Amino acid sequence: MPATAQTVSGQARAIKTSVVDPLGGTTTTALADTGTLSGSTDAREASAPTGSVPSVIAGNTLHATTIGWPDQVKSEASVAGLTVTVGATTVGANFVMARASAVRGLAGAGTASIEGLSINGLPITITGNPNQTITIPGGQVVINERPTSSTSTIVNALHIAVTGVADVIVASATAGIQ
Numbered sequence: 063m064p065a066t067a068q069t070v071s072g073q074a075r076a077i078k079t080s081v082v083d084p085l086g087g088t089t090t091t092a093l094a095d096t097g098t099l100s101g102s103t104d105a106r107e108a109s110a111p112t113g114s115v116p117s118v119i120a121g122n123t124l125h126a127t128t129i130g131w132p133d134q135v136k137s138e139a140s141v142a143g144l145t146v147t148v149g150a151t152t153v154g155a156n157f158v159m160a161r162a163s164a165v166r167g168l169a170g171a172g173t174a175s176i177e178g179l180s181i182n183g184l185p186i187t188i189t190g191n192p193n194q195t196i197t198i199p200g201g202q203v204v205i206n207e208r209p210t211s212s213t214s215t216i217v218n219a220l221h222i223a224v225t226g227v228a229d230v231i232v233a234s235a236t237a238g239i240q
């Protein structure tokens, strides 16, 4: 008889933006977001041929999937043809993908893949290391971001933040099982 998971968690999102408006409020938008798994036999998918938040981000072929089984969870999100403008910085990429997986009794795993990354038209060399950080005016770009979590593996393929302007996460995948 297979082991039954006590708790599973999974979510995938192609794009999430939090944009500060002129009055100091924040508007958050999620595109191609699966929402969270409801149980160990749930599967969720979200996709769109195109997606945008005007004056901030545009992308094509937005995709997000998360699947739970009694003994594992797998999540992935991707965007093609990405253009992000935050403050004085424009970030572009041909393809961005994040994957996260969790198997009961084993350490979680995650990967990020980014092809053709550029910042203000300059090509960026990706090291493959988690949390590769590039400073931009007023903020930073984090490649293969791995936020700390005691219960899940989280991979944000690309995280662009400019203080007081916007916070943008492209291709985010979360998977956890306990």
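So the sequence shown is numbered by the working numbering: it starts at 63 and just counts up by one. Don't be surprised by glycine CBs; every beta carbon is placed ideally from N, CA and C. Because the structure is a prediction, the values reported are computed rather than measured.
Buried versus exposed, by CB contacts within 10 Å (16 or more), residue i
i: D95; result: buried
i: T189; result: exposed
i: A235; result: buried
i: Q240; result: exposed
i: L124; result: buried
i: A160; result: buried
i: S168; result: Per the sequence shown, the amino acid found at residue 168 is Leu instead of Ser. By the neighbour-count rule (16 or more Cβ atoms within 10 Å), L168 is not buried but exposed.
i: L144; result: buried
i: S163; result: buried
i: L220; result: buried
Cutoff 6 angstroms; reference residue i; Cβ partners in own chain excluding five residues on either side
i: G178; result: A155 and N156
i: M63; result: Because M63 sits at a pLDDT of 47, beneath the cut-off of 50, its placement in the model cannot be relied upon, and the point is left open.
i: V273; result: Missing from the structure shown is residue 273; the chain here goes from 63 to 240 and no further.
i: N218; result: E207, I231 and S234
Beta strand (DSSP E) segment containing residue i, residue limits
i: L220; result: T215 to V224
i: P111; result: A105 to V115
i: G130; result: I119 to W131
i: Q194; result: Q194 to I198
i: I241; result: The question about residue 241 has no answer, for the chain in this structure spans 63 to 240.
i: N206; result: G201 to E207
Cross-strand partners of residue i (DSSP beta bridge)
i: S163; result: K136 and A171
i: P84; result: P84 pairs with nothing; no bridge assigned.
i: S180; result: G154 and P185
i: S71; result: G238
i: L144; result: A155
Beta-carbon separation (whole angstroms), residue i vs residue j, contact threshold 8 angstroms
i: P103; j: S71; result: For the sequence presented, residue 103 should be read as Thr rather than Pro. The Cβ separation is near 14 angstroms, so there is no contact.
i: R75; j: A126; result: 6 angstroms
i: V203; j: I181; result: 6 angstroms
Close beta carbons around residue i, own chain, < 7 angstroms, minus the five adjacent residues each side
i: D83; result: T89
Cβ shell of residue i (< 8 angstroms), same chain only, five flanking positions each side left out
i: V115; result: I77, T79, V81, T91 and L93
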